[in-house]
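Undergrad: I have a structure here, written as structure tokens, and I will follow up with some questions on it.
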Amino acid sequence: MLFSLDSYSQSTITPEIQQTVIKNGVGLGSVIAVTVSWERNKSILWAILHGVFSWIYVIYYAVSR
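Per the numbering used here, residue 14 is the first one in the sequence shown, and the count goes up by one each step.
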């Protein structure tokens, strides 16, 4: 019984996998930039471009409003 509880308490995600997911994930700045760009321009191309520049566009949007 103690052995089975001990084996269930361990995490199956290794630090290498966790770092890869965080490293390759979409950032918060990109999500905000794409959302704001889509609401403002209704253009997929502008949304992609602003998503690439992410925080730069978010700061520009906040200053220009």
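Built from N, CA and C at the ideal position, the CB exists for glycine as well.
#1: Report the three-state DSSP secondary structure of residue 39 (helix, strand or coil).
#2: Please tell me whether residue 87 and residue 42 are closer than 8 Å, where the distance is taken between their beta carbons.
#3: Roughly how far, in whole angstroms, is the beta-carbon of residue 75 from the beta-carbon of residue 63, given that I think they are within contact range, below 8 Å?
#4: List the whole-angstrom C-beta distance separating residue 79 from residue 49, where the pair is believed to meet the contact cut-off of C-beta under 8 Å.
TA: Inspection of the coordinates gives the following:
#1: In this structure, residue 39 counts as coil in the three-state DSSP scheme.
#2: Outside the shown range of the chain, which is 14 to 78, sits residue 87, and nothing can be said about it.
#3: Actually they are not in contact, since the Cβ atoms of residue 75 and residue 63 sit about 13 Å apart, beyond 8 Å.
#4: A question about residue 79 goes unanswered here, because the residues of the chain that appear run from 14 up to 78.
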